[in-house]
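Numbering-wise, my numbering puts -15 at position 1 of the sequence shown, and it's gapless, one number per residue.
The next block holds one structure in the form of structure tokens; read it before the comments.
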Amino acid sequence: MRIAFLGLGIMGRPMASRLVAAGHEVSVWNRSARQHVDGATTAVSPADAAKDADVVWTCVADTAAVERVVFAEDGAEQSLREGAIIVDSSTISPSATVRFAQRVNTRGVHWVDAPVTGSKIGAENGQLIFIVGGAPEPVEYLDPLFKATGKQVIHIGDTGKGQAAKLGMNLMIALIYEGFAEAFVLVRKLGVDPPKMIELIQASMVRSGVTDYKAPFVLRHDYSPNFPLRLMHKDIHLMLEMAKENRVKLPALETVDEIYELSSEEGWDDLDYAATLALLEKWAGLGGQPK
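Printed below as a string of structure tokens:
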């Protein structure tokens, strides 16, 4: 297929590379700097990348960035042909996703929201899980591309439902990790050996994929970004906005948001979100300066 891939960040770059490796004709564009992907054509704008594309794939930071790369004066919309598919693997507002889809639908273009879970390692190894919203026909058409970049596709429902489910996933991740972080700091202050605490967690019913993934990094105080704190914080704001829009209370998440606000003030936006644990360590007098 002819694919325009817009956004070459932590997730987008390895995804685009895997599409090239699978034999697709890929044109890439990145907002912050022109980046090269071996085997792909480097475009000068989203509109340039999208010329003659069967699929326009976006993987950018937030709702505003998606709107910009698709609908700006030099956006992909200018080059969309009838029957093309926009697949968005950013994590953005579900309600904005529906609006964007309605706009391109008038041009005979399909919109599929396909945010991912699996983090940086999953993107590099083709082990992403796609959380998909959209009509069955374009989702089925995209299946070879999903298989080239991931291990599983879960079709949640119609347009916007993939984004809604992704926010629910990330809400759970934020709360699970915060519970782990608070317990970890408390028992460390009480003199429990950190590796022994991890051993106990992994042997018991409180074990989770979140703690399994993050524990080795936490033990090394290594907060190099797999999922940057600023992006999780952005998602938390999206969750709270959607909750307000739909009259849902999220009291635990409101408290966690305060931790992220303070971590951001520490200058840790570009570290992994796991660095929120270091803030608790700092308050407890246990150091708390991430590497």
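All residues carry an ideal CB built from backbone N, CA and C; glycine is no exception.
All figures in this text were calculated on a predicted structure; none of them were measured in a lab.
Cβ atoms of I140 and I115 come within 8 angstroms of each other, at about 6 angstroms.
Closest by C-alpha distance to K218, out of A34, N154, N14, is N154. Ranked by Cα distance from A5, the options I(-13), R204, Q19 are led by I(-13). Counting along the chain, no alpha helix (DSSP H) covers S11; the unbroken beta strand (DSSP E) around it starts and ends at 9 to 13. The segment -8 to 43 contains, as complete alpha helix (DSSP H) runs of 4+ residues, the segments -4 to 5, 30 to 34 (chain order). Boundaries of the alpha helix (DSSP H) harbouring L264: 260 to 267, taken from the DSSP string. Between the C-alpha atoms of G193 and I138 there is a straight-line separation of about 18 angstroms.
Under the three-state reduction of DSSP, P179 is assigned to helix. Runs of the alpha helix (DSSP H) lying entirely within the segment 130 to 201, each at least 4 residues long, are 145 to 173, 178 to 187 in chain order.
Fully contained in the segment 42 to 113 are the following beta strand (DSSP E) runs of length 3 or more, in chain order: 69 to 72, 94 to 97. When DSSP states are grouped into helix, strand and coil, L(-10) belongs to the strand group. A straight-line Cα-Cα distance of about 11 angstroms links L3 and V12.
In this structure, DSSP gives D127 a helical state, which the three-state scheme calls helix.
Under the three-state reduction of DSSP, D219 is assigned to helix.
Under the DSSP assignment, P209 falls outside any alpha helix (DSSP H); it carries neither an H nor an E label.
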